[in-house]
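These notes concern the structure reproduced below.
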Amino acid sequence: NAGVTQTPKFRVLKTGQSMTLLCAQDMNHEYMYWYRQDPGMGLRLIHYSVGEGTTAKGEVPDGYNVSRLKKQNFLLGLESAAPSQTSVYFCASTRGPGTGDNQPQHFGDGTRLSIL
Amino acid sequence: SQQGEEDPQALSIQEGENATMNCSYKTSINNLQWYRQNSGRGLVHLILIRSNEREKHSGRLRVTLDTSKKSSSLLITASRAADTASYFCATGSGGSNYKLTFGKGTLLTVNP
Numbered sequence: 127n128a129g130v131t132q133t134p135k136f137r138v139l140k141t142g143q144s145m146t147l148l149c150a151q152d153m154n155h156e157y158m159y160w161y162r163q164d165p166g167m168g169l170r171l172i173h174y175s176v177g178e179g180t181t182a183k184g185e186v187p188d189g190y191n192v193s194r195l196k197k198q199n200f201l202l203g204l205e206s207a208a209p210s211q212t213s214v215y216f217c218a219s220t221r222g223p224g225t226g227d228n229q230p231q232h233f234g235d236g237t238r239l240s241i242l
Numbered sequence: 004s005q006q007g008e009e010d011p012q013a014l015s016i017q018e019g020e021n022a023t024m025n026c027s028y029k030t031s032i033n034n035l036q037w038y039r040q041n042s043g044r045g046l047v048h049l050i051l052i053r054s055n056e057r058e059k060h061s062g063r064l065r066v067t068l069d070t071s072k073k074s075s076s077l078l079i080t081a082s083r084a085a086d087t088a089s090y091f092c093a094t095g096s097g098g099s100n101y102k103l104t105f106g107k108g109t110l111l112t113v114n115p
């Protein structure tokens with residue numbers, strides 16, 4: 127079991143470029159999340175999904191888009207990267223409804239993104 | 004906005020000592036969770052305590068929850084150098100049964 131896998135692990139972009147971060151989980155989890163982690167700010171929720179084909183905005187969604195076409199994958203897109211989006215991005219997943227409230231989340235090891 | 008806030012922001016102790024970290028939150032919760040993050044890695048779930056529980060143990064970890072004070076503490080006993088990491092509390096609130104709100108974390112350094 128790989129758990130939650132994020133690709134790529136590192137990336138450097140120029141302002142205005144676009145890219146997609148991929149998150150894949152092999153635990154058949156229903157819920158998936160994208161967070162960003164900045165120094166002194168903790169983790170902030172960008173977008174999340176409660177099932178295949180669904181997405182919803184989190185705390186800091188501006189400048190990002192997401193898609194969940196397959197249950198195991200959750201993609202985070204940056205259409206026009208800005209220096210303020212330099213951060214470490216984490217994907218997480220958790221079990222679905224009927225398994226109890228606020229189940230533990232399983233995290234990938236992050237994507238370190240620098241925007242010049 | 005941050006729901007949980009850890010205290011202290013940083014803690015440095017010697018191997019073998021106990022480490023205590025605190026978390027305060029603002030609104031009612033379903034449960035409170037503690038996570039560990041080693042440098043350069045993702046968060047790893049340590050322990051979950053439900054709102055109707057007061058204390059929970061897991062190995063060298065002891066978590067307490069005081070809902071009247073809206074606070075929790077994580078105690079790591081007999082610390083080891085390998086416990087060096089950042090520790091985060093996360094709360095699940097009644098308004099959402101699938102989202103967590105994370106604090107900013109406590110950086111624990113255990114010196115050999």
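Chains L and C supply the protein sequences, listed in that same order.
To get this note's numbering, take the position in the first sequence, counting from 1, and add 126.
To get this note's numbering, take the position in the second sequence, counting from 1, and add 3.
In this text, a Cβ means the ideal position worked out from N, Cα and C, and glycines have one as well.
- Counting only Cβ-Cβ distances below 8 angstroms, Pro230(L) has contacts in chain C at Gln36, His48 and Leu51, in chain order.
- In the assembly as shown, Arg57(C) is an exposed residue. Its beta-carbon has fewer than 16 other beta-carbons within 10 Å.
- Taking the C-beta atoms as reference points, Asp152(L) is found nearer than 8 angstroms to Gln198(L).
- Taking 8 angstroms as the CB threshold, Phe136(L) stays off the interface with chain C.
- The C-beta of Arg44(C) comes closer than 8 angstroms to at least one C-beta of chain L.
- In the DSSP assignment, Met145(L) forms a beta bridge with Leu204(L).
- Counting C-beta atoms within 10 angstroms of its own C-beta, Arg83(C) has fewer than 16 neighbours from the protein chains shown and is therefore classed as exposed.
- Between the region 22–38 of chain C and the region 66–86 of chain C there are three or more C-beta pairs closer than 8 angstroms, enough to call the two in contact.
- The alpha-carbon separation between Asn154(L) and Thr180(L) amounts to approximately 16 angstroms.
- The residue among His232(L), Ala218(L), Val176(L) and Ala208(L) with its C-alpha nearest the C-alpha of Asp188(L) is Ala208(L).
- Listed in chain order, the positions of the region 175–190 of chain L with a beta carbon within less than 7 angstroms of a beta carbon of chain C are Val176.
- With its beta carbon at least 8 angstroms from every one in chain C, Gly142(L) lies outside the interface.
- Closest by C-alpha distance to Arg221(L), out of Ser206(L), Lys196(L) and Gly177(L), is Gly177(L).
- Around the beta carbon of Asp86(C), 16 or more other beta carbons sit within 10 angstroms, so the residue counts as buried.
- Annotation for Asn41(C): Ala88 place their beta carbon closer than 6 angstroms to its own, counting only its chain and skipping 5 residues before and after.
- Approximately 19 angstroms separates the beta-carbon atoms of Lys102(C) and Leu201(L); this is outside 8 angstroms, ruling out the contact.
- The C-alpha of Lys107(C) is placed about 24 angstroms away from the C-alpha of Glu18(C).
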